[in-house]
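Peer 1: Residue numbers (the numbering used here): 132 to 821. By construction, the Cβ of each residue, glycine as well, lies at the ideal position given by its N, Cα and C atoms. Owing to the predicted nature of the structure, the values given are computational and were not obtained by experimental measurement. Provided herewith is a single structure, encoded as structure tokens, for subsequent inquiry.
Here is the structure:
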């Protein structure tokens, strides 16, 4: 028996809109059938305000935007979407489809952040126009000389377009095989990859999700995921329209500030479907209070999907236990697997069935073997199943050397086929051939898409065990090691440029970032703290991540290929095995252990002297989970990252302090933040939010 499987069968078949081949057909069909139904509700200001969009209103605004783009003769061209999360984004997305224009979802430019990646995307996509909102365009965050292409393109505020342009709209002639989206994958700025998704891809994957989740028109979904990423876009926006139910959306920033808002929205709107990466569930457990949980009713939540990053059994256990009193059932968890190259979903479990757990020997797994482990085995590792291949999906586990299907008990690369698999990478024929046109040894049949992920099948259940590609996935976002290395290498003169390795290592509830760095000859161990501080600050500022491990090693000791390329995977193996030639190191785990044992006692790095400083110290200590915070401590060196920045901003607002995320990158100590927070010339001790 070979580890190859076809799709799981479905007991019932559901159709979004009979005869529809594109989402233009879907919306037009819904207009004829249910024009006054609310298509989307967007929660603003942390859920205090609602904005609604009916099917008919969506159709009218999409026709207005589509008619405008048609008037410019842009059919077949590409258009960037630079909208913040909200209903304007939704309308612009479908406005492009209504015009036969290929949408390129992106995030809006942000103050004090590099536009390097957006510029690289603009160069790669060769887009003709940038669609955004009046507010984004008025702030003029398009950058300067370094983003010439962005500045040169036409920028249009879709929220300011006259609805009368809808009268000039003409239904586009587009087929299922024509491009609908370029979904750029997160990661390297050197050559971003635009996944070419056709209208047929979107329809096919939407049908899979509807069937697997057993959606009906009576369902309701709540989604906070970024709308420019595949899970938020396909699962959060396309799926409600396809299945005919109302989608409740809100900003990922609002979730990050106060994760309980996610659960409150599920409780308030009686959502059936909602989910996110593993870290989101963990964050809810760690940040919610008993009082907040007491007000939740999660009994309606029957599909709690989780994917986009490694799924931890311990996280599922903690969440199920913490929210069982709120009506949450462990059987609601829906682990799944997918990626932008497959539109979204590939495998999923069965609704109302508990997650499938499998205990295996960790050492064997590292050698690509699957060996069951007993509960008392010290080497046991519990892996979470990601379900079975869904209808129309072909999936095979492939031996890396022979390119033949693996025999049972072996780990191999996951290959996928089916109508949801994308057409390839935009303007990258070599990468497209390598990834999307793989064939099994000795077979001349239809090609497979190589996922770059490692896994095995146990029965029909897929277990994902690792990655071939040197990709770091933390909190659902992809980061390329070379991007992190390039940012870090110039942050301190002791670092040997071009001689760093970055990789992810297992944590209790999510993967964590580790860096191994060669230092200059003659470097002394007593300089470790200064280098580590510079590294962690740079990683936090540039990527919103907390570096959990920073190891400084002897010059010329980093694993490399014969051609001099850094071997991130080999370095990770040496790190885990303790085989690096270490000169100095820092780890969050060691820091927390010292604090627990009382070794961290001593003088605080500056005691607060004003009410404002005391308030900020208390907030930062609570959110960073650090016992001792001084006003001269650097926020990022204490472990702060983008999520914690947003949480501090929100917590400060609760007591009347006005902070912005940008302030943390300009004023990184508590003392500096307090000074920046004060209103110039005002006698008040701090500036209250108006």
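Could you spell out where the beta strand (DSSP E) holding residue 152 opens and where it closes?
Peer 2: Note, residue 152: premise wrong, no beta strand (DSSP E); not H, not E.
Peer 1: Would residue 353 and residue 400 qualify as a contact pair, given that the criterion is a beta-carbon distance under 8 Å?
Peer 2: Yes, these two residues count as a Cβ contact at 8 Å.
Peer 1: Can you tell which of 171, 684, 304 has the C-alpha that lies nearest to the C-alpha of residue 220?
Peer 2: Residue 171 is the option with its Cα nearest to residue 220.
Peer 1: Quick one: residues in its chain with C-beta nearer than 7 Å to the C-beta of residue 217, no 5 flanking neighbours on either side, listed in chain order?
Peer 2: The residues are 173.
Peer 1: Opposite residue 405 in the DSSP bridges: which residues?
Peer 2: Note: residue 405 sits in a beta bridge opposite 353, 435.
Peer 1: For residue 592 and residue 363, I'd like the C-alpha separation in whole angstroms.
Peer 2: Answer to the nearest angstrom: the Cα atoms are 25 Å apart.
Peer 1: Whole-angstrom Cβ separation of residue 553 and residue 474, contact assumed at under 8 Å?
Peer 2: So it is a contact: roughly 7 Å between Cβ atoms.
Peer 1: Are three or more beta carbon pairs between the region 181-194 and the region 234-241 nearer than 8 Å?
Peer 2: Result no; under three Cβ-Cβ pairs closer than 8 Å.
Peer 1: Could you check what DSSP says for residue 168 in three-state terms: helix, strand or coil?
Peer 2: Reduced to three states, the DSSP call for residue 168 is coil.
Peer 1: Three or more C-beta pairs closer than 8 Å, one from the region 631-650 and one from the region 672-687: is that the case here?
Peer 2: Counting Cβ pairs under 8 Å, three or more are found: they touch.
Peer 1: Can you grab the Cα-Cα spacing for the pair residue 455 / residue 430, in whole Å?
Peer 2: Distance between the alpha carbons of residue 455 and residue 430: 9 Å.
Peer 1: In whole angstroms, what is the alpha-carbon distance linking residue 809 and residue 791?
Peer 2: Distance between the alpha carbons of residue 809 and residue 791 is about 13 Å.
Peer 1: Since residue 777 and residue 384 are thought to touch, with beta carbons under 8 Å apart, how far apart are those beta carbons, to the nearest angstrom?
Peer 2: Right, the Cβ-Cβ distance comes to about 6 Å (below 8 Å), so this counts as a contact.
Peer 1: Where residue 824 and residue 225 are concerned, what is the direct C-alpha to C-alpha distance, given to the nearest angstrom?
Peer 2: Since the first residue shown for the chain is 132 and the last is 821, residue 824 is missing from the structure and cannot be characterised.
Peer 1: Taking DSSP as the reference, what is the three-state secondary structure of residue 347?
Peer 2: Coil at residue 347, not helix or strand.
Peer 1: Considering only residues of the same chain and omitting the five flanking positions on each side of residue 120, which have a CB-CB separation below 7 Å?
Peer 2: Look at the range of the chain in this structure, 132 to 821, and you will see that residue 120 is not part of it.
Peer 1: Go ahead and pull the three-state DSSP assignment for residue 205.
Peer 2: It is coil, neither helix nor strand.
Peer 1: CB-CB under 7 Å to residue 533, same chain, minus the five flanking residues each way: which ones, in chain order?
Peer 2: Same-chain partners within the cutoff: 572.
Peer 1: Could you tell me if residue 392 is buried or exposed, where buried requires 16 or more neighbouring beta carbons within 10 angstroms of its beta carbon?
Peer 2: The residue is buried, with at least 16 neighbouring Cβ atoms inside 10 Å.
Peer 1: Compare the Cα-Cα distances from residue 340 to each of 468, 200, 555, 589 and report the closest residue.
Peer 2: Comparing Cα-Cα distances from residue 340 to each of 468, 200, 555, 589, the minimum goes to 468.
Peer 1: Taking contact to mean at least 3 C-beta pairs separated by less than 8 Å, is the region 501-512 in contact with the region 483-491?
Peer 2: Output reads yes: the region 483-491 touches the region 501-512.
Peer 1: Using beta-carbon positions only, say whether residue 328 and residue 314 come within less than 8 Å of one another.
Peer 2: Result yes, Cβ atoms of residue 328 and residue 314 sit closer than 8 Å.
Peer 1: Apart from the five residues on each side of it in sequence, which residues of its chain come closer than 7 Å, Cβ to Cβ, to residue 502?
Peer 2: Cβ within range, chain order: 491, 492, 495.
Peer 1: Which residues bound the alpha helix (DSSP H) around residue 808?
Peer 2: Counting along the chain, the alpha helix (DSSP H) containing residue 808 begins and ends at 801-808.
Peer 1: Whole-angstrom Cβ separation of residue 612 and residue 601, contact assumed at under 8 Å?
Peer 2: 5 Å between Cβ atoms; contact.
Peer 1: Can we say the region 574-588 touches the region 623-636, given the rule of at least three CB pairs closer than 8 Å?
Peer 2: In short, these stretches do not touch, since the Cβ pair count stays below three.
Peer 1: Under 8 Å between the Cβ atoms of residue 260 and residue 228?
Peer 2: Contact: no.
Peer 1: Can you give me the C-alpha to C-alpha distance between residue 833 and residue 702, rounded to a whole angstrom?
Peer 2: In the structure as shown, the chain starts at 132 and stops at 821, and residue 833 therefore has no counterpart that could be examined.
Peer 1: Report buried or exposed for residue 163, applying the criterion of at least 16 other Cβ atoms within 10 angstroms of its Cβ.
Peer 2: By the 10 Å Cβ count, residue 163 comes out exposed.
Peer 1: Could you please give the first and the last residue of the uninterrupted beta strand (DSSP E) stretch that includes residue 826?
Peer 2: With the chain represented from 132 up to 821, any question about residue 826 goes unanswered, as that position is not in the structure.
Peer 1: Only counting the same chain, and skipping five residues up and downstream in sequence, which positions put a Cβ closer than 7 Å to that of residue 288?
Peer 2: The answer, listed in chain order, is 263, 264, 265, 268.
Peer 1: Excluding the 5 residues preceding and the 5 following residue 815 in the sequence, name in chain order all residues of the same chain whose CB lies nearer than 6 Å to its CB.
Peer 2: Unreliable positioning characterises residue 815 in this predicted model, as indicated by a pLDDT of 32, which lies under 50. The coordinate reading is nonetheless provided below. Closer than 6 Å at the Cβ level, and outside the excluded window around residue 815, lies no residue.
Peer 1: Suppose only complete runs of 4+ residues qualify. What are the alpha helix (DSSP H) ranges in the region 678-729, listed by chain order?
Peer 2: DSSP runs (the alpha helix (DSSP H)) wholly in the region 678-729: 699-708, 719-727.
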